[in-house]
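See below for the structure under consideration.
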Amino acid sequence: TGPGNMVVDGVVRHVTGGRHQFDRSGRLARAGKVDEGLLRRLLQHPFLRRRPPKSTGREEFGERFIDRFVMLGRLAGISDADLVATATAFTARTIADAQKFLPRRVAEVFVSGGGAQNPTLMRRLQETLDGAPARTVEALGWDGRALEAVAFAVFAYQHVKGVPCNLPQVTGAKRAVVLGTMTPGR
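First residue of the sequence shown: 252, per the working numbering; consecutive thereafter.
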């Protein structure tokens, strides 16, 4: 859908001079106010208008994007808390707005990772989903803290077995391939 929590974390690192790596419990965002003008500008990013299949990460929403985000905010006189609130709103909107590419609206959204531990982001996401509930993956009986580790274990197993596990229909890759490399130890 977009950058996930990456932008929020990057803005927090930037405005705290690296003292904090993320917005613990959404406190900074909760203390701020969303700057709607900056939010509208951020939502014009070309990746967000691109139709699936697509995949992204730091190449689109990494340090360069975050530096520009903070610079635009500083030039507009936006406070640190307002920058974090705007980054949080951006994350929620990119998730909710991705529905426009689906054949029908989603019934519910499940969240894992750091964002699931951020009540301000979860509330903002709930507000942007037009009635579809936003829940953590724990509601499915999964441990959200382990989800990424489990996924990488599955990828490793697939690699050892020689089974392709990328999803060209999701990422836009030209073909299915076996992911990763095996690097034996001593």
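For each residue, glycine too, the CB sits at the ideal point set by N, CA and C. This one's a predicted model, so the numbers in the text were calculated from it and none came from an experiment.
Burial state of residue i (16 or more Cβ within 10 Å)
i, result
"Pro254", "buried"
"Ala343", "buried"
"Ser276", "exposed"
"Ala347", "buried"
"Gly413", "exposed"
"Met257", "buried"
"Gln368", "buried"
"Leu430", "exposed"
"Arg375", "buried"
Residue j beta carbon less than 8 Å from that of residue i
i, j, result
"Val259", "Thr345", "no"
"Thr422", "Ser306", "yes"
"Leu289", "Ala327", "yes"
"Ile329", "Asp286", "yes"
"Glu314", "Gly366", "no"
"Leu323", "Arg292", "yes"
"Ala385", "Arg356", "no"
"Val263", "Val321", "no"
"Ala397", "Thr252", "no"
Residue closest to residue i, alpha-carbon to alpha-carbon, out of the options
i, options, result
"Phe273", "Arg301, Trp393, Leu372 and Arg426", "Leu372"
"Lys351", "Gly364, Leu380, Val262 and Gly288", "Leu380"
"Arg428", "Gln368, Leu418 and Ala347", "Correcting the residue type first, residue 428 is Val in the shown sequence and not Arg. Closest by alpha carbon: Leu418."
Boundaries (first-last residue) of the beta strand (DSSP E) holding residue i
i, result
"Val360", "Val360 to Val362"
"Thr387", "Ala385 to Thr387"
Start and end residues, alpha helix (DSSP H) containing residue i
i, result
"Gln420", "Pro419 to Thr422"
"Gly288", "Glu287 to Leu293"
"Ile329", "Where Ile329 is concerned, there is no enclosing alpha helix (DSSP H), given that its DSSP letter is neither H nor E."
Using a Cβ distance threshold of 8 Å, determine whether the segment 320–339 contacts the segment 274–283, with at least three qualifying pairs required. yes
Inspect the CB distances between the segment 358–369 and the segment 381–395 and report whether three or more fall short of 8 Å. yes
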